[in-house]
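So the sequence lines, in the order shown, correspond to chains A and B. Numbering-wise (our numbering), the first sequence opens with residue 1360 and increments by one. Numbering-wise (our numbering), the second sequence opens with residue 13 and increments by one. Virtual Cβ for every residue (Gly too), placed ideally from N, Cα, C. Step one of this worksheet: look at the structure below.
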Amino acid sequence: MFESFDALLLARMQFAFTVSFHFIFPAFSIGLASYLMVLEGLWLKTGQGVYANLFRYWLKIFAITFAMGVVSGIVMSYQFGTNWSVFSDKAGPVIGPLMAYEVLTAFFLEAGFLGVMLFGINKVGRKLHFAATCMVALGTFISAFWILSVNSWMQTPTGHEIAANGQFVPGETWLAIIFNPSFPYRLVHTVTAAYLTTAFVVGAVGAWHLLKDRTNLGARKMFSMAMWMAALATPVQVFFGDQHGLNTLEHQPAKVMAMEGHYDSHPNGAPLILIGIPNSKEKRVDYALEIPKGSSLILKHDPDAPLAGLDTVPDEDEPPVGIVFWSFRIMVGLGLAMLGIGLWSLLARARGRLYDWRWLHRAALLMGPSGFVAVIAGWVTTEVGRQPWTVYGLLRTANSAAPLDAPAVAVSLLAFIVVYFFTFGAGALYILKLMGKPPAPHESAEPAAGPVRTAGITPAAAIEGTRE
Amino acid sequence: MIDLTIVWAVIIAFAVAAYVVMDGFDLGIGILFPRFRVGKERDAAMNSIAPVWDGNETWLVLGGGGLMAAFPLAYAVVLPALYAPLIAMLLGLVFRGVAFEFRWRDPAHRPFWDMAFCGGSLVATLAQGITLGALLQGITVEGRAYAGGWWEWLSPFSLLTGISLVIGYALLGASWLIWKTEGPLQADARRFARLLLPALLVVIGAVSAYTPFLEGQYFQRWFEWPGLIATVPMPILVLLAGFFLWRSLTNRRDWQPFVLTLALFGLSMVGLAISIWPDVIPGRVTIWEAAAPYRSQLFMLVGAVVIVPVILAYTAWAYWVFRGKVDEAGYH
Chain A
1360 MFESFDALLL
1370 ARMQFAFTVS
1380 FHFIFPAFSI
1390 GLASYLMVLE
1400 GLWLKTGQGV
1410 YANLFRYWLK
1420 IFAITFAMGV
1430 VSGIVMSYQF
1440 GTNWSVFSDK
1450 AGPVIGPLMA
1460 YEVLTAFFLE
1470 AGFLGVMLFG
1480 INKVGRKLHF
1490 AATCMVALGT
1500 FISAFWILSV
1510 NSWMQTPTGH
1520 EIAANGQFVP
1530 GETWLAIIFN
1540 PSFPYRLVHT
1550 VTAAYLTTAF
1560 VVGAVGAWHL
1570 LKDRTNLGAR
1580 KMFSMAMWMA
1590 ALATPVQVFF
1600 GDQHGLNTLE
1610 HQPAKVMAME
1620 GHYDSHPNGA
1630 PLILIGIPNS
1640 KEKRVDYALE
1650 IPKGSSLILK
1660 HDPDAPLAGL
1670 DTVPDEDEPP
1680 VGIVFWSFRI
1690 MVGLGLAMLG
1700 IGLWSLLARA
1710 RGRLYDWRWL
1720 HRAALLMGPS
1730 GFVAVIAGWV
1740 TTEVGRQPWT
1750 VYGLLRTANS
1760 AAPLDAPAVA
1770 VSLLAFIVVY
1780 FFTFGAGALY
1790 ILKLMGKPPA
1800 PHESAEPAAG
1810 PVRTAGITPA
1820 AAIEGTRE
Chain B
13 MIDLTIVWAV
23 IIAFAVAAYV
33 VMDGFDLGIG
43 ILFPRFRVGK
53 ERDAAMNSIA
63 PVWDGNETWL
73 VLGGGGLMAA
83 FPLAYAVVLP
93 ALYAPLIAML
103 LGLVFRGVAF
113 EFRWRDPAHR
123 PFWDMAFCGG
133 SLVATLAQGI
143 TLGALLQGIT
153 VEGRAYAGGW
163 WEWLSPFSLL
173 TGISLVIGYA
183 LLGASWLIWK
193 TEGPLQADAR
203 RFARLLLPAL
213 LVVIGAVSAY
223 TPFLEGQYFQ
233 RWFEWPGLIA
243 TVPMPILVLL
253 AGFFLWRSLT
263 NRRDWQPFVL
273 TLALFGLSMV
283 GLAISIWPDV
293 IPGRVTIWEA
303 AAPYRSQLFM
313 LVGAVVIVPV
323 ILAYTAWAYW
333 VFRGKVDEAG
343 YH
């Protein structure tokens, strides 16, 4: 008994570790692929060298990010089977086909055109190369579509039947499975988050180089583009996040109770707890700083509306409150800080001082990693908040794991931790090294120093157009 | 009416075969990597696969993901049974994959990332070969779950298949380089291929002789009618392919060794299919017992029929873009 609990906990830690590490890369590459598409499109349209330079500058960073995303992603597609085989056997007929569609429509598209995107510009010409860039960007989006559909089905399962052997099997129509109730909200919220993550990274790199030299044309351009994104997309994201929360309240109320720290029901309007320390033993939030009736106002648009608390949920069906409570606040706090940067940049732009306000640049630099932290915090909120279920309300996490030995899971977890920190740590260093160099007027053409530069192609030739 | 279970078995087998062939030469180049001279030779070997390795590796994801979708029970039994080799494979692929980028980014530590490229490729290949051997020798199944131990996959036979795959991929990598490169690197590749080919023929023979005695059903399939139709010509075909491959290593048609190595792989796969069919877990679970319900099969089939040909088309285009020799100077 104790043995199996240990293996379960270790398997959960392993999944949490590998998926969190993995998601850092797509959170960046979904946005970066689209940014590269925009840069190359603008280059094709305007012919301005600055766009070509920025494209090459970020392409090198994209290549490293993408490689790390691919190798950490393959691990995920096998984790389902190695550690969660009972879940895979039971849910395979429903989520398996969605993941197969992800491979067929997204992974091959990205990988197939990536080679041309990275190394092919002097072989296929600018237009075809732009098409390859578009295909890679499209692939990252399609990938998000399918995998978020899978995740959403696990959160809000619809459209399935339960077979005699205990398997979840598809019902009459696949549309009910794919477009399950939480999917549209999760898709929009997650993809926007990826765009914002990229915008704040690009903004921070731009800010760093503006702080050193505010005349650098590439730095000015990337900072301006990133700040437009921050100013326009953050308010939209706040709205989507709110909508997603209301959707969660409808389908997974216990998760919202944990996010809000509502141990007790409030028949006459629930307070909004801004901050405090959840105490699950005593079932209350200590040192709470709260706005009376604030939560009812946000969630029900009526200050006096009753809101149920975790006292209405059986103890064995409750998510861990502390983690969810805190991760939610980290996400929202960073979101509001992003909103602040966006508004600040609008003000600076209106005054014509976007490239001059040093404190804005310092703040944007500080906010560089904020997207990653917010995205991981958001995922922690939604994934821990749906515990103790893998398929919400139907299959418990404890009944999903493979028949595993604790030592086997412990050893592999340790191996993943060591290898990931080592390789992805090195990758992060290489990315920071690239970011530390200012965008040069004649950015070299290749992402990896090898394939193209050794061929003796001068950057000038690449800027003028394709060498035939 | 067509049996979709058979269709899906063929599709998964195709994905696995595509993976073995396409990532096989990538991994093979990784295995041989320390044997190439530091500098231009290594750069050229790396450049010959840099634009395509990522797409090649995706077939592995299709094999794994497709197995979960089409044969969820098999996925749920096989992956825990092969826990250690699969985790080792994944970690090996991590090192191999990042090395493609990192070695260019950090010249000071290039020797280290070159070793990571080789080590990762070697571990991943060994693990894949061991996986094959462990499946062939049979795994313990109870009900709908794996019931064997943590080390069940380890045996002399699985080690033999592991080593065999290392030799096979290395030969595939060498013959790819004969096709795609010239000069001293190509000469090195020819030299390695002449050493690897006899070794491969020996291990193919050893695995083939060992397999029928692992399970009664393998013996029956190979040594009773109608399996005998394949048993008699198979060794002859393998030796013929080996003979022509040996000869092609000295002629000037640089594409020939690669195609003939593919023929050797193809023959080995046909042999495996004869042993295993119609099981998805050899000797334990048939494809029909493990199959997903009809609605899941049909939904995916619609996609596969339309999309797989498109994938093959743009993959072919990507290879076409990077056609021709990659010499030490890089792409022209």
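Item to check | Exposure of Lys1614/A, with buried meaning 16 or more beta-carbon neighbours within 10 Å | outcome: Burial call: buried.
Next on the checklist: Quick check on Glu69/B - is its C-beta less than 9 Å from some C-beta in chain A?
Outcome noted: Residue-level contact check: Glu69/B touches chain A, since one or more beta carbons of chain A fall below 9 Å from its beta carbon.
Checklist entry - Cα separation between Pro1529/A and Phe1500/A? => result Those two C-alpha atoms are separated by around 25 Å.
Next on the checklist: Quick check: is the beta carbon of Tyr1437/A nearer than 9 Å to any beta carbon in chain B?
Outcome noted: Closer than 9 Å: yes.
Checklist entry - Under a three-way DSSP split, which group does Ala1736/A fall into? => result Residue state, collapsed to three classes: helix.
Checklist entry - Name the chain B residues whose beta carbon is nearer than 8 Å to that of Tyr1460/A? => result Chain B residues near Tyr1460/A: Met312 and Gly315.
Item to check | Enclosing alpha helix (DSSP H) for Ala199/B [first to last residue] | outcome: Ala199/B -> alpha helix (DSSP H) spans Gly195 to Tyr222.
Checklist entry - If you measure beta-carbon to beta-carbon, which residues of the stretch 1751-1764 of chain A are closer than 9 Å to chain B? => result Residues of the stretch 1751-1764 of chain A with a Cβ closer than 9 Å to any Cβ of chain B, in chain order: Ala1761, Pro1762, Leu1763 and Asp1764.
Item to check | Local Cβ density within 10 Å of His1660/A, reported as buried at 16 or more and exposed below that | outcome: When all chains shown are included, His1660/A counts as exposed.
Next on the checklist: Rounded to whole angstroms, what is the Cα-Cα separation between Lys1449/A and Met1513/A?
Outcome noted: Their Cα atoms are separated by approximately 12 Å.
Checklist entry - Taking the DSSP output, what are the residues bridged to Ile293/B? => result For Ile293/B, which the question treats as bridged, DSSP gives the partners Val297/B.
Checklist entry - Under 9 Å between C-beta atoms, does Leu1369/A make it to chain B? => result Leu1369/A does not count as touching chain B.
Next on the checklist: Could you give the first and the last residue of the continuous beta strand (DSSP E) run that contains Leu1631/A?
Outcome noted: Element bounds for Leu1631/A: Leu1631 to Asn1638.
Next on the checklist: Bridge partners for Phe1527/A per DSSP, in chain order?
Outcome noted: According to DSSP, Phe1527/A bridges with Ile1521/A.
Next on the checklist: Between which residues of its own chain and Ala201/B is the CB-CB distance below 6 Å, once the five residues before and five after are set aside?
Outcome noted: Answer for Ala201/B: Ala186, Leu189 and Ile190, listed in chain order.
Checklist entry - Based on Cα-Cα distance, which residue from Arg1485/A, Leu1418/A and Tyr1554/A lies nearest to Met1697/A? => result The shortest Cα separation from Met1697/A among Arg1485/A, Leu1418/A and Tyr1554/A belongs to Tyr1554/A.
Checklist entry - Is there a Cβ from chain A that is less than 9 Å from the Cβ of Ile99/B? => result Ile99/B counts as touching chain A.
Checklist entry - Given a threshold of 16 other Cβ atoms within 10 Å of its Cβ, counted over all protein chains shown, does Tyr1646/A qualify as buried or as exposed? => result Label assigned to Tyr1646/A: exposed.
Item to check | 6 Å Cβ shell around Leu1656/A - same chain, five flanking residues per side excluded | outcome: Residues of the same chain with a CB within less than 6 Å of the CB of Leu1656/A, apart from the 5 flanking positions on each side, are Pro1662 in chain order.
Next on the checklist: Between Leu1631/A, Gly1604/A and Gln1746/A, which has its C-alpha nearest Val1672/A's C-alpha?
Outcome noted: If we check each option's Cα against that of Val1672/A, Gln1746/A comes out closest.
Next on the checklist: Looking only at its chain, what residues have a beta carbon closer than 7 Å to the beta carbon of Pro1806/A, apart from the 5 residues adjacent to it on each side?
Outcome noted: For Pro1806/A, the predicted model reports a pLDDT of 43, less than 50, meaning its position is unreliable; a value from the coordinates is still stated below. Once the five neighbours on either side are set aside, the close Cβ partners of Pro1806/A are Leu1418, Lys1419, Ala1422 and Leu1477.
Item to check | Backbone secondary structure at Thr143/B - three-state DSSP | outcome: Three-state DSSP puts Thr143/B in a helix.
Item to check | Sheet register partners of Tyr158/B (DSSP bridge) | outcome: Beta-bridge annotation (DSSP): Tyr158/B is paired with Val153/B.
Checklist entry - Does at least one heavy atom of the ligand FMN sit under 8 Å from the Cβ of Ile216/B? => result Absence of the ligand FMN from the depicted structure is noted, as is the absence of any ligand whatsoever, leaving it without description.
Checklist entry - Between the C-alpha atoms of Phe1599/A and His1548/A, what's the straight-line distance to the nearest angstrom? => result Near 6 Å, if we compare the C-alpha coordinates of His1548/A and Phe1599/A.
Checklist entry - Is the beta carbon of Ala1522/A less than 9 Å from the beta carbon of His1720/A? => result It is not a contact, given that the beta carbons lie outside the stated cut-off.
Item to check | Every unbroken alpha helix (DSSP H) within the stretch 1453-1503 of chain A, with a cutoff of 4 residues, ordered by chain | outcome: Correct list: 1467-1478 and 1480-1483.
Checklist entry - If you run the structure through DSSP and keep just helix, strand and coil, what is Asp1365/A? => result If DSSP states are grouped into helix, strand and coil, Asp1365/A belongs with the helices.
Checklist entry - From Val93/B to Leu1507/A, what distance separates their C-alpha atoms? => result The sequence shown places Ala at residue 93/B, rather than the Val named in the question. Near 29 Å, if we compare the C-alpha coordinates of Leu1507/A and Ala93/B.
Next on the checklist: My assumption, with CB atoms under 8 Å, is that Met246/B sits in contact with Leu279/B. Please give the rounded CB distance.
Outcome noted: Contact holds; Cβ gap of about 7 Å.
Item to check | C-alpha distance - Ala328/B paired with Asp118/B, whole-angstrom precision | outcome: Each residue's Cα considered, the two are about 32 Å apart.
Item to check | CB-CB length for Leu1468/A against Leu1497/A, believed under 8 Å | outcome: Right, their Cβ atoms sit about 7 Å apart.
Checklist entry - Would you report the Cα separation of Leu284/B and Pro1728/A, rounded to the nearest angstrom? => result Distance from the CA atom of Leu284/B to the CA atom of Pro1728/A, rounded to whole angstroms, is 50 Å.
Checklist entry - Tyr158/B touches chain A at which residues, Cβ-Cβ below 7 Å? => result Listed by position along chain A, the residues whose Cβ is nearer than 7 Å to that of Tyr158/B are Pro1762.
Next on the checklist: How far does the alpha helix (DSSP H) with Val1768/A in it extend, from its first residue to its last?
Outcome noted: Segment Ala1765 to Gly1795, the alpha helix (DSSP H) holding Val1768/A.
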